[in-house]
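Residue numbers (our numbering): 9 to 199.
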């Protein structure tokens, strides 16, 4: 399969050269489908992200001053990853909102019934975890999510645009410390 330089790809996009677009598609989509699949998405999600990223890149490339630091396939993958994490973050917020909204509907009814028997300690921990991880900064939530999914610090550093994986190690430690501190300071934390 042919390989193209960054300048050839930019020129090809500006001139609407189909072979460049097909080449990008063949280079990126298989990787993206596997990557998104490993993070709970589908091939359709990967294709949607790729199309959205291509539109963004097309718009940027058509501006004469556009000159990315990375090669175009890496740049496209970075855009796709960022959009995927934004979608995951929105899904998490929506799930938390729906959970809270469902609880709110029956709140007054619950005030007038006998209290439940002692709650399962694992359920208490899970509830505290969800409550406090959603309160963390977006970057912390994303880093902790990726770590839990088994993504390597090297890959996470590429996703966030850091040159050194040590930055991710430090951020992970900081985020975990914040999360654990928040949970331990919660009045519902088991003694």
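Every residue, glycine too, gets a C-beta built ideally from N, C-alpha and C.
Taken through DSSP and simplified to helix, strand or coil, residue 20 comes out as helix. Here residue 140 is buried: its Cβ has 16 or more other Cβ atoms, across all protein chains shown, within 10 Å. In the three-state scheme derived from DSSP, where H, G and I count as helix and E and B as strand, residue 197 is classed as coil. Bounds of the alpha helix (DSSP H) holding residue 181 are 173 to 192.
Between the stretch 29 to 39 and the stretch 89 to 96, the count of C-beta pairs closer than 8 Å stays below three; the two stretches do not touch. By the neighbour-count definition (other C-beta atoms within 10 Å, threshold 16), residue 54 is a buried residue.
Judged by DSSP in its simplified three-state form, residue 70 adopts coil rather than helix or strand. Boundaries cannot be given for residue 79, as no alpha helix (DSSP H) includes it and DSSP labels it neither H nor E.
Within the same chain, 12, 27, 28 and 29 come within 8 Å of residue 20 by CB-CB distance, once the 5 residues on both sides are set aside. Within the model, the alpha-carbon separation for residue 73 versus residue 67 is close to 12 Å. In its chain, beyond the 5 residues on either side, 18, 21 and 22 have a beta carbon closer than 7 Å to the beta carbon of residue 69.
Secondary structure of residue 169 (DSSP, three-state): coil. Where residue 42 is concerned, the enclosing alpha helix (DSSP H) starts and stops at 26 to 46.
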